[in-house]
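Q: In terms of our numbering, the sequence shown is numbered consecutively and its last residue is 926.
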Amino acid sequence: QGARMHTGVSVEAAPVETDLCAATTPTQTAAYAPNQYPSVYTILDHALASLRSLEDDCVIILDGLDPVLDSMDTTESLGWLIGRLPANVHLILISRAFPHVGLSRMRMEGRLLELPASNLAFTPMETASYCQVAGIDVTVDQAQVIHQRTNGWCMALRLFSYAWDTLNPSSQNVESPYLWKAFYHAVYDYLYDEVFRHMPSTLQSFAVVASCLDEFSDSLMAFVLRWTLDDAKYCLATLIDQDIVAQTRTDEAGRGFYAVPALVRDALRGRGSLAAGYRQKDVMARAHSWYLQQQDYDRAIRCAASAGLWDLTADVVLQRWRILHAQDQLSLLHNWTALLPESYIDSHPKLCIISALPSFLMGKQELAFSRLRKAQEALWDADDQTTGLFYAIRCLCHSYSNPQQAASDAARALELLPESEYHFKAMALQVIGGARAFCQPAEACDLFHQSVKQLQWTGYSSPLLSACSNAAFISAYAGFISQASQYSQMAHDLMDHLDQQDRPMLVFSEAADAYAAFVTTDLDSARRLIPDLISHLDPFQTPSVIAGSLVLAAQAAHLGGEPDQETDAARRAFREDPAWAMRAFPPLTLLSHWIKQGIVYPARTLDSLNDQGDCPMTTLLSTAVRFAADNQDYPEMLQGLASCRDAFDQCPLPLIYLGILSAAIFEASGDQPHAEASLAAAFSVAQSQGIISPFSLDMNLIKAPWERLSRKDKTSWAARILKSTPVSAPTRNSDDLLRLLSDRELEVIRLAAAGLTTQEIASRLFVSRDTAKKHLGNVYAKLGVHTKLQAVGTLRQAGLL
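#1: Take the Cβ of residue 416 as the centre, count every other Cβ of all protein chains shown within 10 Å, and call the residue buried at 16 or more, exposed below.
#2: Using DSSP's beta-bridge definition, name the partner residues of residue 767.
#3: Does DSSP put residue 383 in a helix, a strand or coil?
#4: For the ligand SAH, any of its heavy atoms closer than 7 Å to the Cβ of residue 788?
#5: Please go through the same chain and pick out, in chain order, the residues whose beta-carbon is closer than 8 Å to the beta-carbon of residue 170, but skip the five residues on each side of it.
#6: Going by beta carbon distance, what residues of the same chain come within less than 6 Å of residue 455, once the five residues before and after it are set aside?
#7: Work out the CA separation of residue 460 and residue 356 for me, nearest whole Å.
#8: Does residue 147 come out as helix, strand or coil in the three-state DSSP assignment?
#9: Could you work out which residue in 663, 407, 635 and 662 is closest to residue 650 when comparing CA atoms only?
#10: Give the secondary structure of residue 214 by DSSP, where H, G and I count as helix, E and B as strand, and everything else as coil.
#11: Look at the Cβ atom of residue 602, then the Cβ atom of residue 778, and state whether they are nearer than 8 Å.
#12: Pairs of beta-carbons, one from the segment 780-792 and one from the segment 568-579, closer than 8 Å: are there three or more?
#13: Starting from the C-beta of residue 86, find all residues in its chain whose C-beta is less than 7 Å away, skip the five residues before and the five after it, and write them out in chain order.
#14: Since residue 373 is in the beta strand (DSSP E), which residue starts that stretch and which ends it?
#15: In the DSSP assignment, what residue or residues form a beta bridge with residue 791?
#16: In whole angstroms, what is the alpha-carbon distance linking residue 336 and residue 322?
#17: Can you find the residues in the same chain that come closer than 6 Å, C-beta to C-beta, to residue 151, ignoring five residues on each side of it along the sequence?
#18: Relative to the C-alpha of residue 186, which candidate in 199, 165, 173 and 240 has its C-alpha closest?
#19: In this structure, does DSSP put residue 564 in helix, strand or coil?
#20: In this structure, does DSSP put residue 440 in helix, strand or coil?
#21: Checking 8 Å against the spacing of the C-beta atoms, do residue 281 and residue 443 come in under that value?
#22: With DSSP as the reference, label residue 816 as helix, strand or coil.
#23: For my contact list, residue 247 and residue 279 are in at a C-beta cut-off of 8 Å; report their separation, rounded to the angstrom.
#24: Output needed for residue 633: all residues of its chain with C-beta closer than 7 Å, excluding positions within five of it in sequence on either side, in chain order.
#25: For residue 508, does the three-state DSSP call read helix, strand or coil?
#26: Starting from the Cα of residue 273, find the closest Cα among 249, 311 and 258 and give me that residue.
#27: Would you call the segment 754-771 and the segment 538-553 touching, i.e. three or more CB-CB distances under 8 Å?
#28: In chain order, what residues of the same chain lie with their CB nearer than 8 Å to the CB of residue 207, ignoring the 5 residues before and after it?
#29: In angstroms with no decimal places, state the Cα-to-Cα distance between residue 290 and residue 259.
#30: By Cβ distance below 6 Å, which residues in the same chain neighbour residue 503 in space, the five residues on each side in sequence not counted?
#31: Quick one: measure Cβ to Cβ for residue 753 and residue 720, integer angstroms, because I've assumed they're closer than 8 Å.
#32: Under a Cβ-count criterion, where at least 16 other Cβ atoms within 10 Å of its own Cβ denotes burial, should residue 717 be classed as buried or exposed?
#33: For the pair the segment 725-737 and the segment 694-713, tell me if three or more CB-CB distances fall below 8 Å.
#34: Once DSSP output is grouped into helix, strand and coil, what is the label at residue 734?
#35: Starting from the Cα of residue 165, find the closest Cα among 188, 200, 176 and 316 and give me that residue.
#36: Residue 266 by DSSP, collapsed to three states: which one?
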């Protein structure tokens, strides 16, 4: 019945019950002289004869074999019996561990049912039912707690019921520490009477010390107990054989680590440690020393902290925090400092400093700044290096919300930190560069370049990866395309040697790759990169990369004829950070369209730009917003643009944007010569970097001055780009094009517009590459264009894509 309840296996009752202990008949027993007994094999042989005489099947149940198996003679006789059982006999074994006594044949024949401890344990539902029957009034959640604490062990549940009944009714609460103290004492008494009392003293000591540790190995136990390794191995093997410990893992050196079951561990910790003369603090302190020797710092810290050895815990934190910073393992540093009491951290200024940034990144901003304030109060007697570290950490925290304060702290850190602090000096340079990235992009690029050079001296891969990714992003948005590509390649090369957890650092580099591909009109690469980039964005990225990436995605969706995706990406970008969305230099045509659709609000965008400070970049982008919003105060706008032209001498993309915007305003005001001059200057800058798309996307605003420039010099950069621009293709209506193109030709050009290569189109349509190429050539000829870009533009204008 017990087996049926716990395993769901229904065992049909045998028609005849045979007691092996009384298998011999009274007559047979009387044949022996007083004080003379038959051998066990004689008794078993008579029992087998009785079993063979049965006409029906029968079942032998062997329950609780663990103590029986301690005897070699008993094990051998049991094996002798099982090997000779007749075919009509079935066997049920109920035990924590099963003997090697020839069970394989019975398993194969389906005559054996094994019920290990896992089958006999109560389920959470059965635990709740037991509590109800025992008169213990608990909720479902409390029953779950009881199940976890007792491991579903039937004996433990009975002892829990005993502990419950011994308490005063007012103390009968699952959350009561008195209840669990009484329970663990009862469990320990049971273990001692039934298990440990029968053990040698060495095994008892080994088990008690092992219970103090979350996990242990033979070498760790030898170190803690001051035993030889052979003695520790013997005790461990004995406890494994008795199923008292279980293996949890194997480390890189091949050592097996084991643990005492939670119920046994808690019972021994509650009473056994004192009884055996071992203090948990002493055990944990020696385990801490052993883990330090193995350079397993995480477990060393946890051993010390679990015993309340705060000085030992803090020593390891103070020794290892720089390496964790350098390896970008700030979450681990946060976990380590979280083991220390708040009062202990507050009384140690250096711990306050080094724990602030991890706390900040874990979402505990108030705690981070509180610790920085406590550290600042103690800086009056600190050395320059500690003070410099304080400003370096504080500037990193401020960089997420207060760039100007962050830049000020970073400058102070650079003054105080010694030359040996390459890592934190490089981080301070990046913070200043980030603060200047909006208004002074050329200077920001230079600062990031210096940061990369400093980090290359340290050999720290994670910070260098971050610096390269940031440098790639700033370089791309300043228009230094080749430089952005170099930094991005460095970041991807570093990524090959780091864990996947460092991949979020590549988001800035991925944004640079996508943006560089887009502005140089490598649209196939841009469309391939942008979806991955958007999927990698998360709230922990800075507003600059989020807003800039979304503006890029909106432009790509516009070119791909996906208005819903365009609208969604543009709305998200300007909701995230309007100033940085503008810093991505959206085309004036699209900006005007988004304003009319209510996606972009000019007043809010201008306020956000003004918050960045009074600088040439603010003037340029504010003028773009006003022009896109149909503000016709052209003289004032041109005067503002003229005042900021010199500031962008070293920044290609702002100069190109300035040239296009100036040309559009001059053309709208009727000043054709200045419109051509502005546009010519923009083309001159663009040619050096291979930048094309800004001109193509704003073709409707600058088409007239562009065509005049192209006629004056038909071999110029402007003339060559004009030939490949989609909107220069002849405009056709959809009916004309449907009559002009065959169904197959229309299918081919639509696949080409989706970004497929000629080979991919051929594979999709099950034709040869030459056939697909011929269809594309026919499309170009019928439409009167020369490139795929022009053909796609013509069909998109006609509404066929």
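Even for Gly, the Cβ is constructed at its ideal location relative to N, Cα and C.
A: Short version:
#1: buried
#2: Residue 767 is not bridged to any residue.
#3: strand
#4: This structure lacks the ligand SAH; in fact it carries no ligand of any kind.
#5: none
#6: 483 and 486
#7: 36 Å
#8: Model confidence at residue 147 stands at a pLDDT of 41, short of 50, so the residue's coordinates are unreliable; what they give is reported in the following sentence. Three-state result, residue 147: helix.
#9: 635
#10: strand
#11: yes
#12: no
#13: Lying outside 126 to 926, the shown extent of the chain, residue 86 is not represented and no answer is given.
#14: 371-375
#15: DSSP output for residue 791 lists no bridge partner at all.
#16: 17 Å
#17: A caution first: residue 151 carries a pLDDT of 38, below 50, which makes its placement in the model unreliable, though a value can still be read off. Cβ within range, chain order: n/a, list empty.
#18: 240
#19: coil
#20: helix
#21: no
#22: coil
#23: 6 Å
#24: 594, 595, 597, 598 and 670
#25: coil
#26: 249
#27: no
#28: 216, 226, 227, 228 and 231
#29: 10 Å
#30: 474
#31: 6 Å
#32: buried
#33: yes
#34: helix
#35: 200
#36: helix
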